[in-house]
Amino acid sequence: MKKILKISGLFLGCLVLLLLFFCAYVSVVGLATYDPPITPKVTVERTTARVNRGESIAQIQCISCHANNENRLTGKYLGEIPSVFGKIYSKNITQDKEKGIGNWTDGEIMYFLRTSVKPDGTFSAIMPRYPLMAEEDLKSVVAWLRSDRFPVQPTKQEAPQIEYSFFSQLLSHTIIKPGDYPQQRISIPDSTDQVALGRYIANGVADCYSCHSADFLDQDKLHPERSKGFYGGGNKMNGEGGKPIFTANLTFDDETGIGKKYTKSQFVRAVKMGVRPDGSILRQPMGPHPTLSDYEVGAIYEYLKTIPKLKNDIAGKNAELQVATN
Ligand code: HEC
Ligand code: HEC
Numbered sequence: 002m003k004k005i006l007k008i009s010g011l012f013l014g015c016l017v018l019l020l021l022f023f024c025a026y027v028s029v030v031g032l033a034t035y036d037p038p039i040t041p042k043v044t045v046e047r048t049t050a051r052v053n054r055g056e057s058i059a060q061i062q063c064i065s066c067h068a069n070n071e072n073r074l075t076g077k078y079l080g081e082i083p084s085v086f087g088k089i090y091s092k093n094i095t096q097d098k099e100k101g102i103g104n105w106t107d108g109e110i111m112y113f114l115r116t117s118v119k120p121d122g123t124f125s126a127i128m129p130r131y132p133l134m135a136e137e138d139l140k141s142v143v144a145w146l147r148s149d150r151f152p153v154q155p156t157k158q159e160a161p162q163i164e165y166s167f168f169s170q171l172l173s174h175t176i177i178k179p180g181d182y183p184q185q186r187i188s189i190p191d192s193t194d195q196v197a198l199g200r201y202i203a204n205g206v207a208d209c210y211s212c213h214s215a216d217f218l219d220q221d222k223l224h225p226e227r228s229k230g231f232y233g234g235g236n237k238m239n240g241e242g243g244k245p246i247f248t249a250n251l252t253f254d255d256e257t258g259i260g261k262k263y264t265k266s267q268f269v270r271a272v273k274m275g276v277r278p279d280g281s282i283l284r285q286p287m288g289p290h291p292t293l294s295d296y297e298v299g300a301i302y303e304y305l306k307t308i309p310k311l312k313n314d315i316a317g318k319n320a321e322l323q324v325a326t327n
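Numbering-wise, the sequence shown is residues 2 to 327 according to the numbering used here.
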């Protein structure tokens, strides 16, 4: 018996030591880095149709995180990201060659947007990635970044360096890994298939599920439906003035979801304009999505109907938070 205790004690001791070494290693090297990737050799043709489509995607994705208060994409402080991840600033993604991404190739931008790995092998554990976005939409985003539109014109201003927390650094060495670049071409679904279109817009373009599921750290970027608490809400974020807020349950659960709360046209208004059926305003970080068409948002509604219903009383939890923080 004594011997067994001694051996298991030794074993535990070694394990703790190994863990300590690993933590010390992480705190020295910081974020995980990778070999500089081999990026696709493409030159994206900048047609007006692509620039327009790219702009409408950027308005519901890139701009809210990257634009300063003059609507230039200089990067800024992202207060909605919980502070356990560190002090997070986005980057200058204007066409400036020194401070922005003017020197990146089209292929390097596409590679980064899909995998979160930059041309020099640096890995971004926080910037959302878009492995399910159709090739054509991805090219539209690139065409817009290269266009003559105001927000992307070269600007020297930049945000301070990110201060990743030790926790974020640890995550980048353990559970948050870069994605693979998709080998198959991804196409935009036929618009007559509303559920497929809704799934594509919600999961592939607008990233609704990443906020509206249970845990940022338990998500599957290639198979979003495997994410913990898929569309059941409950992710805790920072809202207006840094006040905590839980994301809403978007499943069709009668009591706690949106099934009985929203008709399709009320849902369209809420998502596009940020207004609830009773006229109250949806709070940050739920932003309005004015560049999605009524048809696209209606398709998201049809898609959400097909998702397993989850009981999760977010309204109740948010009310408790209010009491706790007042
Ligand atoms: C949730 C906020 C968020 C959204 C949405 C977002 N970004 Fe970012 N982005 C960031 C953050 C934070 C960084 C810094 C990451 C880092 O350096 O590790 C970043 C970095 C980048 C970089 C790397 C720049 C560099 O010099 O290292 C590019 C390129 C980029 N974003 C493009 C885009 C585009 C294009 C979109 C829209 C399709 C977009 N981002 C949407 C937060 C966001
Ligand atoms: C950055 C995180 C984030 C993203 C991305 C996001 N939401 Fe939200 N959403 C929230 C938060 C937080 C709330 C709660 C707002 C409140 O309580 O005032 C919310 C609320 C909602 C509501 C109101 C639900 C209710 O119970 O009244 C709807 C509908 C909604 N979101 C739909 C969407 C759709 C559709 C998308 C994608 C097009 C989306 N959201 C993307 C964070 C997000």
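Where a beta carbon is used, it is the ideal one built from N, C-alpha and C, also for glycine.
Within 10 angstroms of the beta-carbon of Pro-225 lie 16 or more other beta-carbons, which makes it buried. The DSSP-derived three-state label of Tyr-263 is coil. Remark: C-beta atoms of Ile-8 and Tyr-90 do not approach each other more closely than 7 Å.
Shown here, Tyr-78 sits in a strand according to DSSP, grouped into three states. Not a single heavy atom of ligand 1 lies less than 6 Å from the C-beta of Pro-155.
Per DSSP, Tyr-182 has no beta-bridge partner at all. Using a Cβ-Cβ distance cut-off of 8 Å, the region 148-166 and the region 259-267 are not in contact, since fewer than three pairs of beta carbons, one from each stretch, lie closer than that value.
Boundaries of the alpha helix (DSSP H) around Ile-5: 3-30. Between the region 188-203 and the region 284-302, the count of Cβ pairs shorter than 8 Å is three or higher; the stretches touch. Within the same chain, Cβ atoms closer than 6 Å to the Cβ of Lys-92 are found at Gly-76, the five residues on either side in sequence being excluded. Pro-152 carries a helical assignment under DSSP once its states are collapsed to helix, strand and coil. In the DSSP assignment, Met-111 falls within the alpha helix (DSSP H) that extends over 107-116. Between the alpha carbons of Gly-234 and Gly-31 lies a gap of roughly 31 Å. Look at the beta carbons and you see the region 76-86 not touching the region 102-110: under three pairs across the two are nearer than 8 Å.
For Asn-250, there is no enclosing alpha helix (DSSP H), as DSSP gives it neither H nor E.
Per DSSP, reduced to three states, the secondary structure at Gly-55 is helical. DSSP links Met-238 through a beta bridge to Ile-246.
Here Ile-315 is not near Phe-268, since their CB atoms are 7 Å or more apart.
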